[in-house]
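First to last, the sequence lines map onto chains A and B.
Everything in the first sequence is counted per this note's numbering, starting at 303 for the first residue and increasing by one.
Everything in the second sequence is counted per this note's numbering, starting at 28 for the first residue and increasing by one.
Glycine included, C-beta positions come from ideal geometry on N, C-alpha and C.
This one's a predicted model, so the numbers in the text were calculated from it and none came from an experiment.
See below for the structure under consideration.
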Amino acid sequence: MAVSAEVQAGIGRYLLEVSTYLGGRTPQERRELLADLEAHVHEALAARGREPMLSDLEAVLAEMDPPESYEGPQARLAEERVPVSDPRSKRGLAYWALGLFVGGIALFGILAVVSDGRDPGFTLAAVILLMVEAIAFVLGILSWKERPGKVAVLGVLALLIWIVANYFICRSIAESYKDEAKRSMEQFLNQAKTVPEPNPPANFPPSSETKPR
Amino acid sequence: MKEWVTQLRRGLLEFCLLNLLRGGESYGYQIVQRLKTVEELAVSESTVYPILTRLREEGYLKVRIVPSPGGPPRRYFSLTRLGESYVREMNDYWDALTEAVGRTRLGLMESEVRQWR
C-alpha cells in the first residue's frame, strides 16, 4: 500500500528517533533493525485496510513500543552476549589471516625472482613464506567462523599439499636422472674395459738419437 | 516476582521464536503478531527485532528479501541448519527440564502430604 509523503515523513521521524537509541550496535545491526521496523510500520498501516493517513500512523505508533525502549533490557541482553560469541570481533583477524596468506605468497614470488632462484635469497624466501603462512594458518583457525579465515586456512593447506607434492615429484625426477646417469656411467666403464689399449707409436718414447736438435 | 518473570520471558521468547520458525519462514510483522497471541510472553517489537537481528548474526537464522509493491521489502526469516539443530537441542533440554521441574514439584508436594498425615 502506497503512503503519502506526509505519512512517510512521519515514519522517517520515528525511525530517526529510534536510531538515536541504537548507539551500542554495529551499523549493520542498526540498518537491519530500522529496516524491520519500517517494514513493520508499513505492514501495520496496510492491516488497517485503507489508504493510511497521519492519524493512522499516529495510532500505529501509539501501539508500538516507544523509541527509548530499544535501549531496554532486551537490547542490553543482546549487547551483553556480543563478546561471548561475536563473529565481528574475529572479522579483523580473518582478514589478517587472508592478507598474510596472499602476502606471503607474493613476497615469496618477489624474493624468488630477485634472487634468481639462487641461495641464500631463495632459502630466505622459503623460510619467510613458511613463517608467514604458519601465522596465517593460526589466525585463520582462530577466525574460522568468518569466510576470509576459512579461505586462509584452506589456502594454506592447499599450498602445503602443493609444496609436498612438488617435493616428491622433483625427488622422483631427480632419482630417475640419477639412475640413468649411473647406468650410463656403468655402460661407459664396461665399454672402456673391452676397448684394447692402443699400441704406442714405433718411436715412442722418442729416443735421444732421434731428438731434434 | 516481577524481575523473575521478566528474566524467564527473555529466555523463553528466543525459544518460542525459533520454534515458531520451525513451521516455515516468516517476516518480522507476522512473527511479532504470532508471538503476541501468547499473552504470557508480553511480546513487543522492541524485544523481537533485536533478537531476530542477533540470531541472524549468530548464524541461526537467514533472511530472504522479497520486494513489496507498496512499501519496503519484506524480510523473511527462516532457520539455517545450525538454527535447526540449535532449536532441536533447546527442545530436548526443555523436555528434560520441565520433566525434572515437574518431578521436583511433585516430590515436594508428596512430602508435604506425608507431613500433614
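| query | Nearest to G86(B) by alpha carbon, out of R449(A), A436(A), A348(A)? | reply | R449(A)
| Per DSSP, the bridge partner or partners of S53(B) | F104(B)
| field | V384(A) to L82(B) span [Cα, whole Å] | value | In this predicted model, V384(A) has a pLDDT of only 41, less than 50, meaning its place in the structure is not dependable; the value taken from the coordinates is given anyway. Computed Cα separation, rounded: 11 Å.
| query | Just to confirm, are H344(A) and E72(B) a CB contact at a threshold of 9 Å? | reply | no
| said: Can you look up R383(A) in the DSSP assignment and give me helix, strand or coil? | reply: Annotation note: pLDDT 45 at R383(A) (below 50); position unreliable, coordinate value reported separately. Helix at R383(A).
| query | When we look at the beta-carbon of W398(A) and count the other beta-carbons within 10 Å, is it buried (16 or more) or exposed? | reply | buried
| field | Short-range partners of chain B found in the stretch 333-348 of chain A, where Cβ spacing is below 9 Å | value | E334, L335, A337, D338, L339, E340, A341, H342, V343, H344, E345, A346, L347, A348
| query | For the stretch 40-99 of chain B, which segments carrying the alpha helix (DSSP H) assignment without a break, of at least 4 residues, lie completely within its bounds, in sequence order? | reply | 55-63, 72-84
| field | Alpha carbon of D358(A) to alpha carbon of V140(B), nearest angstrom | value | 58 Å
| said: Taking 9 Å as the threshold (beta carbon to beta carbon), is R315(A) in contact with chain B? | reply: no
| said: With a threshold of 9 Å between beta-carbons, can E111(B) be considered close to chain A, or not? | reply: no
| message | On the criterion of 16 or more Cβ atoms from any shown chain inside 10 Å, does A346(A) qualify as buried, or is it exposed? | response | buried
| said: Below 8 Å, is the gap between the Cβ of L45(B) and the nearest heavy atom of the ligand NAD? | reply: Summarising the ligand content, the structure contains no ligands, and the ligand NAD is consequently not present.
| said: Using a Cβ-Cβ cutoff of 7 Å, what residues of the stretch 320-334 of chain A are near chain B? List them in chain order. | reply: E331, E334
| message | What are the residues in the stretch 37-66 of chain B lying within 9 Å of chain A by C-beta distance? | response | R37, L40, Y54, G55, Y56, Q57, V59, Q60
| CA-CA distance, I58(B) and F42(B)? | 13 Å
| In this structure, does DSSP put M355(A) in helix, strand or coil? | coil
| request: Under 8 Å Cβ to Cβ from R61(B), same chain only, skipping five residues before and after it: list those, please. | output: L47, S53
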